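Undergrad: Residue numbers (the numbering used here): 164 to 427.
(1) Assuming residue 216 contacts residue 185 under a Cβ cut-off of 8 Å, what Cβ separation, rounded to an integer in Å, is found between them?
(2) In chain order, what residues of the same chain lie with their CB nearer than 7 Å to the CB of residue 361, ignoring the 5 residues before and after it?
(3) Could you give the distance in angstroms between the alpha-carbon of residue 201 and the alpha-carbon of residue 319?
(4) Mind the definition here: the segment 193-200 touches the segment 245-254 only if three or more C-beta pairs lie below 8 Å; say whether that holds.
(5) Going by C-alpha distance, which of 334, 327 and 340 is nearest residue 374?
(6) Would you decide whether residue 370 is buried or exposed? Buried here means 16 or more other CB atoms lie within 10 Å of its CB.
(7) Out of curiosity, what's the CA-to-CA distance linking residue 239 and residue 297?
(8) Starting from the C-beta of residue 300, find all residues in its chain whose C-beta is less than 6 Å away, skip the five residues before and the five after it, and write them out in chain order.
(9) If I measure Cβ to Cβ from residue 310 and keep anything under 6 Å in the same chain, skipping five residues before and after, which residues do I get?
(10) Does the beta-carbon of residue 287 have 16 or more other beta-carbons within 10 angstroms, so that it is buried, or is it exposed?
(11) Between the alpha carbons of residue 394 and residue 204, how many angstroms are there, rounded?
(12) What is the DSSP secondary structure of residue 317, reduced to helix, strand or coil?
(13) Smallest Cα separation from residue 258: which of 278, 290 and 268?
(14) By how many angstroms is the C-alpha of residue 312 removed from the C-alpha of residue 179?
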C-alpha cells in the first residue's frame, strides 16, 4: 500500500498526525523550555520550539487518548517515539543535550493529565540507532492495526497491506542478519521480540497474499529471555554488554573449579 494511504488508514499514523497538529497550538510558553534550553545550543530555537510543542500535546493528552482509542493502551510509548524522532531530526546525536533531556523530563512530570507517562530518552542513542527502533515500533504497532482491520472487514483486506508486510519482514531479516554476531544485536532484542509476536497475529492472513512474504529469519536468542539493554527510564543509564558478563561469570566459575580440584 502507498505510504500516503497508510498514513490515512492506520491508527498509529493518525495519532502521529494529531501530535503534529499541536505545533501551532503553543499559545502559552512553558518556562521550563526557555529556562533550560533557550540560548544554550546551536539549534536552541528549534529545540525550544519542540519542547513547547511537547508541552502543548501533553496539555491535551487525555483528550487525544479518548479520541484515538485504538492506540490508547500504548499512547505514552507512541508519544515518546514521536518526540525522539523529532529530536533526532534536529540533532543527529542528542547524547550531549543534557539540558534538553532534562527539560523534556520536567515537562512530562508536570503533566497532570496523564501522570503515569514519563520521558524515555532511549539511552540518548543517535539518529541511525533510533531509526531502527522506530521502524520496529511502527511495524509492530501497525500489525495490530492490520489485525483489527481483518477483524472488521475479513481476510480479504490483507491484500491492501501485503507489500507493506513484505517490506517489514525484509527489514527485520536484515537487522537479524546484520547484528546476529555482534553485541549491538542486544540493543534491539525487545523490538525484535515484539515484532515477531505481533507478526504472528496476522501470519495466517498473509498466506493469502499474491506477493511473496519472506519467512522470518530465526534469531539466535528466540528461546532465551534477555533483558533489554536500553534503560529508557534512566537518564544516565549505560548499555550493559550481557555477553561479556556471561563470559566473566564462566571464567570465574572455571577458576573456582581448578582451585577446588587442586586443594581438595
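Just so you know, even glycine gets a beta-carbon here, dropped at the ideal spot from N, CA and C.
Owing to the predicted nature of the structure, the values given are computational and were not obtained by experimental measurement.
TA: So, from the data block:
(1) 6 Å
(2) 303, 306 and 307
(3) 52 Å
(4) no
(5) 327
(6) exposed
(7) 14 Å
(8) 244
(9) 364 and 365
(10) buried
(11) Summary for residue 394: the model assigns pLDDT 41, below 50, so the residue's position carries little reliability; its value from the coordinates is reported in the next sentence. Roughly 26 Å between the two C-alpha positions.
(12) coil
(13) 290
(14) 19 Å
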